[in-house]
Each structure stands twice: as structure tokens, then as C-alpha cells.
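In UniProt numbering, the protein residues as written are 1 to 117. Glycine is no exception: its CB is placed at the ideal position from the N, C-alpha and C atoms.
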């Protein structure tokens with residue numbers, strides 16, 4: 001199991017090992033789509049500026065292994081989901097830069113993240 005208190009979890013640097021990993025951002029839209037097979041490690045999938053309240057629609061499906069999606073701002077970690085889900089999350093955040101990171105241990109997964117106003 002991977003530890004969120006590890007220095008690598010909150011680092012800017014990505015540490016990952018995977019058979020297949022891709023992350024795509026739609027052009028001019030805040031939509032992030034990705035897929036991973038046998039993913040282990042830490043990966044930033046989105047980085048954005050926020051000014052307070054933030055709404056994220058997330059479709060997260062994992063078929064094997066352990067994985068979690070978490071939000072990181074100024075060293076504060078908020079776990080969004082570590083199970084299959086398809087719903088909208090609302091967060092009260094400070095103004096500034098946020099990172100959406102993925103953590104995994106031999107995980108195969110698909111995700112779709114959309115920022116909504």
C-alpha cells in the first residue's frame with residue numbers, strides 16, 4: 001500500500017512505473033482523460049489555479065490493484081476517491097495553485113475529470 005504521508009506523494013516530481021499510461025487534456029476545456037495499466041507510483045494529472053469554490057465531476061473506474069485520486073494545495077492533502085465513482089465533488093479551497101494527483105499500486109484504471117463552474 002502506498003503512503004500519502006510520504007514526501008514523494010506531495011512532491012512536484014512524478015514517480016511512476018506502468019505498462020500503459022496516458023493523460024490528455026482537451027484543448028481549451030478543463031477536461032482531463034486518462035488510462036493506466038499496471039500503474040505504480042505518483043503522477044500529477046492536472047494543475048490549475050483556483051479562486052475559492054471548485055466543482056469537479058469525476059468518473060473513476062479501477063479494475064485491479066489499489067489507486068486513489070487526491071487534491072493537493074499548499075501541502076494539504078484531500079483524498080477525493082479511492083473506489084469506483086461517478087459524481088460531482090465540491091471543495092472550498094484557498095486562492096492559488098492546486099494539483100490533482102493519482103497514486104497507485106499495481107492498478108489498472110480509467111478516469112475522466114471535468115472542472116465545472
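Worksheet item: When you compare each of 40, 82, 76 and 21 to residue 92 by their alpha carbons, which one comes out closest?
Response: Residue 92 sits at position 92 when you count from the first residue of the chain shown. The shortest C-alpha separation from residue 92 is found at 76.
Discussion item. So, under 8 Å CB-CB, residue 48 and residue 98 are touching, yes? Tell me the CB distance rounded to an integer number of Å.
Written reply: As a position in the chain shown, residue 48 is number 48, starting the count at 1. As a position in the chain shown, residue 98 is number 98, starting the count at 1. So it is a contact: roughly 6 Å between Cβ atoms.
Worksheet entry | Closest by C-alpha distance to residue 22, when choosing among 100, 10, 37 and 51 | Within the chain shown, the letter at position 22 stands for residue 22. Selected option, being the one with the closest Cα: 37.
Discussion item. How far does the beta strand (DSSP E) with residue 96 in it extend, from its first residue to its last?
Written reply: Here residue 96 corresponds to residue number 96 of the chain shown, with the count starting at 1. Per DSSP, residue 96 belongs to the beta strand (DSSP E) from 96-116.
Discussion item. Taking DSSP's pairing of strands, which residues face residue 16 in a bridge?
Written reply: Numbered from its first residue, the chain shown carries residue 16 at position 16. Checking the DSSP bridge columns, you'll see residue 16 partnered with 41.
Discussion item. Is any non-hydrogen atom of the ligand PLP found closer than 7 Å to the C-beta of residue 97, if you look at the structure I gave you?
Written reply: As for the ligand PLP, it is missing from this structure, which has no ligand bound.
Discussion item. Please state whether the Cβ-Cβ distance between residue 15 and residue 52 is less than 8 Å.
Written reply: Residue 15 sits at position 15 when you count from the first residue of the chain shown. Residue 52 sits at position 52 when you count from the first residue of the chain shown. One thing to note: residue 15 has its Cβ no nearer than 8 Å to the Cβ of residue 52.
Worksheet item: Taking just the CA atoms, how far does residue 62 sit from residue 109?
Response: Within the chain shown, the letter at position 109 stands for residue 109. Within the chain shown, the letter at position 62 stands for residue 62. If I take the Cα positions, the gap works out to 4 Å.
Item to complete: Would you decide whether residue 28 is buried or exposed? Buried here means 16 or more other CB atoms lie within 10 Å of its CB.
Response: Locating residue 28 in the chain shown gives position 28, where the first residue counts as 1. So residue 28 counts as exposed.
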